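Protein chains in written order, with this note's numbering: chain R, 1188 to 1564; chain E, 217 to 312.
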């Protein structure tokens, strides 16, 4: 028996009013017509509670795009789960926020793209920044935990100090400063997003200084870019070890990107129970534990820390999901990551925010730099 | 970051709460839930945190634990509780 999962990641829709160029959603998104119903999600949360899961992370796309979000939060909370809403804030104003809190919302994680409005809106491909600031003020009127998430990359990291000061005055309990992870749209746009070594070093210093200065007031969590790390990240805390993700269409996945791996089929909550999938799904078992590991992972002391890194990144970069994560300095395919770093460090050029009167115009003007995330059908 | 004052009234930070009784796994264990994780608590840690109700003062919490563990050095109990709460405040699980 595998011990029970700890948390459920509920991707309740892939629809989103933002078009962030680093979005981790898959390039092939779940169609609107395939989305699970309210009753199906409520049943999922009840199963998750019975399985002993602790957290439900409601994410998307933009979860607020579903009109039944309040009902879903209430159901997750009633099932005994800690409820976390991961959101851009678009679609949330005073009354709906109050309804969510009354329904039992424990924590809201609000994303920002930058501290500077022109840059933030350029990265998001939407005029969202001003609304997020106003929403932050409203959130602080409620007794829920508030995290501000900031994704950093080549185009904004040079003014990280300014962005940290900006977040500080929004007064969250926690700030999460996360380097872009290269999946989905971010991988497509990697050349525009991967920072230089000098940018990274400066960011590490800025975060360490902020952590010290804000200790006891704001917790600072930092996600490093694994391309620059010595060892790979412990992706999802290990494949099929702690987390289950359900996509908008009801497919049950070990992580956000798992569908890129050929040869795996994923069960659907419409047909099987969560418990059955967790215990018996061949896809969840495929990279669980250590039996699948090649060398150098198999005999490496780090294998109980990083579990061999990320299977999806291995597939995306080497074409083989069984390979050691190429982000690892010991990986046979590490040269692939090194080549990307050589490119990233051969120039320090960054772009200037492009103003536009419509999203279509913005898309056209930014074409040479990056592709914006589009929406599912 | 300073340790709590004697008159401080430690409490769980916004969005941090106890999980249902059955979530800890055993009778002795209870779990504190917070945005990105959970801590299982038993023994002294549990007894301290259950007293962080925003009513009791830091010195009351210490006195209660000292009177319960009469074999242990009272100075050490104070130092341990102080350090425990400082760590939890750094994680933004406790406020004082």
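Built from N, CA and C at the ideal position, the CB exists for glycine as well. Since we're looking at a predicted model, the values are computed, not measured.
Min CB distance residue i to chain R below 8 Å
i	result
residue 256/E	no
residue 219/E	no
residue 236/E	yes
residue 251/E	yes
residue 246/E	no
residue 227/E	no
residue 307/E	yes
Three-state secondary structure (DSSP) of residue i
i	result
residue 1337/R	strand
residue 1455/R	strand
residue 1318/R	helix
residue 255/E	strand
residue 1285/R	helix
residue 1274/R	strand
residue 227/E	strand
residue 1332/R	strand
residue 1378/R	helix
residue 1504/R	helix
residue 1443/R	coil
residue 1297/R	strand
residue 1208/R	coil
residue 261/E	helix
residue 1487/R	coil
residue 1422/R	helix
residue 1324/R	helix
residue 281/E	helix
residue 1388/R	helix
residue 1348/R	helix
residue 1302/R	coil
residue 1497/R	coil
residue 1370/R	coil
residue 1511/R	coil
residue 1405/R	coil
residue 1221/R	helix
residue 1540/R	coil
residue 1474/R	coil
residue 1516/R	coil
residue 1236/R	helix
residue 1213/R	coil
Residues sharing a beta bridge with residue i, DSSP
i	result
residue 234/E	248/E
residue 1197/R	1245/R and 1433/R
residue 1365/R	1338/R and 1410/R
residue 1269/R	1242/R
residue 1438/R	1455/R
residue 269/E	227/E
residue 311/E	227/E
Under 7 Å by beta carbon: chain B residues contacting residue i
i	result
residue 1331/R	No chain B is present in this structure, whose protein chains are R and E.
Presumed contact (8 Å Cβ cut-off) between residue i and residue j, rounded CB distance
i	j	result
residue 1464/R	residue 1471/R	7 Å
residue 1207/R	residue 1311/R	5 Å
residue 1203/R	residue 1434/R	With a Cβ gap of about 14 Å, residue 1203/R and residue 1434/R do not count as contacting.
residue 1333/R	residue 1295/R	6 Å
residue 1308/R	residue 1316/R	6 Å
residue 281/E	residue 226/E	With a Cβ gap of about 13 Å, residue 281/E and residue 226/E do not count as contacting.
residue 1493/R	residue 1419/R	5 Å
residue 1241/R	residue 270/E	Actually they do not touch by this definition, with Cβ atoms about 24 Å apart.
residue 1380/R	residue 1341/R	5 Å
Proximity test, Cβ basis, 8 Å: residue i and chain E
i	result
residue 1293/R	yes
residue 1458/R	no
residue 1279/R	no
residue 1245/R	no
residue 1324/R	no
residue 1475/R	no
residue 1406/R	yes
Residue i: CB within 7 Å of a non-hydrogen atom of the ligand NAP
i	result
residue 1353/R	In the structure shown, the ligand NAP is absent, as is every other ligand, since no ligand is present at all.
Between the region 1389-1402 of chain R and chain E, which residues of the former have a C-beta closer than 9 Å to a C-beta of the latter?
-> 1402
What residues in the region 1412-1445 of chain R bring their beta carbon closer than 7 Å to a beta carbon of chain E?
-> none
Check each residue of the region 1257-1272 of chain R: if its Cβ is closer than 7 Å to any Cβ of chain E, include it; give the result in chain order.
-> 1267, 1269 and 1271
Give the residues from the region 1221-1246 of chain R that approach chain E closer than 8 Å (Cβ to any Cβ), ordered along the chain.
-> 1239, 1241 and 1242
Note down, in chain order, all residues in the region 1354-1382 of chain R with a beta-carbon under 8 Å from any beta-carbon belonging to chain E.
-> 1360 and 1361
Residues of the region 1334-1350 of chain R whose Cβ lies closer than 9 Å to any Cβ of chain E, in chain order | 1334
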